[in-house]
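Structure, as structure tokens:
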Amino acid sequence: MKKISNVKLIISTAIFLVLFDNISFFKNVINIYPVSSDNIAFLGSLAIVLTSAITLLLALVCSRYTIKPVLITILLVSSLAGYFMNSYNIVIDKDMIRNIILTSANETIDLLSIKMFLYLVLAGILPSIFIYKINIEYGPLKKELITKLKIIVFSLIIIFSTVLVFSKFYTSFLREHKPLRFYTNPTYYIYSIGYYTHNYFKSTKMAVKTIGEDAVISPTDGKRELIILVIGEAARADRFSINGYKRETNPLLAKENIINFPDMYSCGTTTAVSVPCMFSVFNRDNYSYEKAWSTQNILDVLDHAGVNILWRDNNSDSKGVALRVQYEDYKTPEMNPICDIECRDEGMLADLQEYIDQQKNGDIFIVLHQMGNHGPAYYKRYPGPFKKFRPVCNTNQLEECTNDEINNAYD
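Following this note's numbering, the numbering of the sequence shown begins with 194 at its first residue and continues without gaps.
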């Protein structure tokens with residue numbers, strides 16, 4: 194096979210990434226800057242700037258010893274990032290990196306599809322095989338360093354000169370439409386990985402701050418209290434019939450004498466954000482994962498007060514909330530007696546009365562963390578007899594279903 198210089202390989206890889214892994218980025222840009230005679234040159238300049246930025250990044254991290262593994266890794270990861278961004282219109286930010294790291298095997302299986310495999314093969318594996326087999330031409334070390342410096346300088350010149358020429362567009366792009374840069378691939382997920390890694394190691398070095406050691410249970414009528422808190426997953430307030438939703442999604446709950454709080458909001462749309470925030474002492478505006486990780490939560494305070502605490506989980510896990518209390522995993526048939534294609538939330542009720550009876554003293558606080566409406570495979574969340582609304586979306590590829598089918602599966 195004919196040799197290629199490392200410069201050409203880096204630039205070619207950057208161009209490939211812009212053309213095939215940044216569809217979501219350009220799609221979102223075009224929503225704000227439609228293709229027209231006024232915007233076409235600016236849209237072209239974005240491709241040039243992004244190519245130059247990726248070239249600059251690759252030039253900084255690639256050497257004769259790292260160029261192949263670095264380029265192959267970026268191509269493989271970027272192909273998957275491109276798939277998820279295109280399919281679910283998400284961004285790979287620091288919270289998404291945390292979700293990826295904390296995702297369980299069952300959640301990962303729910304995301305697998307033929308479409309994802311095609312993305313991986315066409316945009317990841319095939320170009321990676323080409324890079325693996327290609328012969329790269331290297332020069333003397335001094336010449337290589339000078340060449341790398343030239344690439345870096347030339348990339349910077351292109352970026353700054355292009356931004357200067359289209360300054361009117363880039364002023365609004367950078368100031369008024371900052372979220373657009375979150376869709377750049379691989380630059381933003383690389384930044385997010387760095388940000389997450391830095392904060393993770395920073396938080397692990399922090400001592401957990403003790404709170405509520407003086408907490409006591411105020412005597413009322415002398416009776417012991419039992420509270421069962423059911424949390425999770427992806428249950429939207431606007432889909433509850435008790436909140437006025439047109440469909441009867443809470444037929445049994447509506448028969449009970451309940452107190453409903455319709456204006457409750459989660460700290461985030463991911464388990465890794467919403468669950469720790471829910472049990473933390475911080476409000477939504479002041480919450481951060483690092484604060485929650487380094488500070489005891491409400492379960493610790495209840496434990497200080499002598500409350501018997503049990504956390505049963507049929508979701509991914511407690512995301513650090515139940516690290517210091519009794520925890521039981523109900524995601525496998527070994528613990529959960531009600532399992533078919535997956536273990537059901539109602540299995541967490543098994544032998545619960547037995548646990549309650551064993552607690553002879555003190556109040557009892559039980560958390561049941563359910564799988565609930567965890568997407569995108571909504572159809573797997575309930576057995577056949579509960580398919581009240583039809584037809585349903587029977588795939589995790591939501592774009593292949595109609596809105597009615599998705600709503601039926603979710604409801």
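Glycine is no exception: its CB is placed at the ideal position from the N, C-alpha and C atoms.
From Thr206 to Leu264, what does the alpha carbon distance come to, in whole angstroms? The C-alpha of Thr206 lies about 8 Å from the C-alpha of Leu264.
Candidates Glu547, Cys470, Leu239: which alpha carbon is nearest Val514's? Its Cα nearest to that of Val514, the residue Cys470 stands out among Glu547, Cys470, Leu239.
Please say whether Ser511 and Met399 have beta carbons closer to each other than 9 Å? Result no, Cβ atoms of Met399 and Ser511 do not sit closer than 9 Å.
Val242 (DSSP reduced to helix, strand or coil): The three-state secondary structure of Val242, taken from DSSP, is helix.
How is Glu142 classed by DSSP in three states: helix, strand or coil? Outside the shown range of the chain, which is 194 to 604, sits residue 142, and nothing can be said about it.
Nearest-angstrom Cα separation, counted from Asn587 out to Pro333: Pro333 and Asn587 have their C-alpha atoms roughly 58 Å apart.
Inspect the CB distances between the stretch 401-415 and the stretch 286-300 and report whether three or more fall short of 8 Å. Segments in contact, no.
Beta-carbon proximity of Asn529 to Ala543, cut-off 9 Å: Yes; because the gap between Cβ atoms is below 9 Å, this pair is in contact.
Is it the case that the stretch 203-220 contacts the stretch 353-369, given that we only count it when at least three CB pairs across the two stretches are under 8 Å? By the Cβ test, the stretch 353-369 is not in contact with the stretch 203-220, since fewer than three Cβ pairs between them sit closer than 8 Å.
According to the neighbour-count rule (16 or more other Cβ atoms, all chains shown, within 10 Å of its Cβ), is Glu441 buried or exposed? Result: exposed.
Buried or exposed (CB count within 10 angstroms, at least 16 for buried), Ile233: Counting other Cβ atoms within 10 Å of its Cβ, Ile233 stays below 16 and is therefore classed as exposed.
Arg291 and Tyr363 closer than 9 Å at C-beta: Not in contact: Arg291 and Tyr363 (Cβ atoms no closer than 9 Å).
By the three-class DSSP mapping on this structure, what secondary structure does Lys287 have? Looking at Lys287 - three-state DSSP - the assignment turns out to be helix.
Label Lys524 either buried or exposed according to how many other C-beta atoms from any shown protein chain fall within 10 Å of its C-beta, with 16 as the threshold for buried. Lys524 counts as buried, since at least 16 other C-beta atoms from the protein chains shown sit within 10 angstroms of its C-beta.
Residue range of the beta strand (DSSP E) that includes Arg505: Per DSSP, the continuous beta strand (DSSP E) segment holding Arg505 begins and ends at 501-506.
Helix or strand or just coil, what does DSSP make of Ser198? In the structure shown, Ser198 sits in a strand (DSSP, three-state: E or B).
Could you give the distance in angstroms between the alpha-carbon of Ile247 and the alpha-carbon of Pro379? Between the C-alpha atoms of Ile247 and Pro379 there is a straight-line separation of about 8 Å.
Out of Asn566, Phe582, Glu369, Val474, which one is the CA nearest neighbour of Asn508? Ranking the options by Cα distance to Asn508, first place goes to Asn566.
Can you tell me which of the three DSSP states Glu330 falls into? Here Glu330 sits in strand by DSSP.
At the level of alpha carbons, what is the spacing between Ile285 and Cys532? About 33 Å.
Keeping to the same chain, check which residues put their C-beta closer than 7 Å to that of Gly568; ignore five residues upstream and five downstream. Once the five neighbours on either side are set aside, the close Cβ partners of Gly568 are Ala427.
Just to confirm my understanding: we take Phe375, look at its own chain, exclude 5 residues before and 5 after, and list those with CB closer than 7 Å. What are they? Here the set comprises Val284, Asp286, Tyr381.
Only counting runs of 4 or more residues, tell me where the alpha helix (DSSP H) segments fall wholly within the stretch 349-373, in order along the chain. With a minimum length of 4 residues, the unbroken runs of alpha helix (DSSP H) contained wholly in the stretch 349-373 fall at 360-368.
Do you know offhand how far Ile612's Cα is from Phe472's? This structure does not reach residue 612, given that the chain is present from 194 up to 604, and the question cannot be answered.
Ser272 to Gln590 span [Cα, whole Å]: Separation of Ser272 and Gln590 (C-alpha to C-alpha, rounded to the nearest whole angstrom) is 17 Å.
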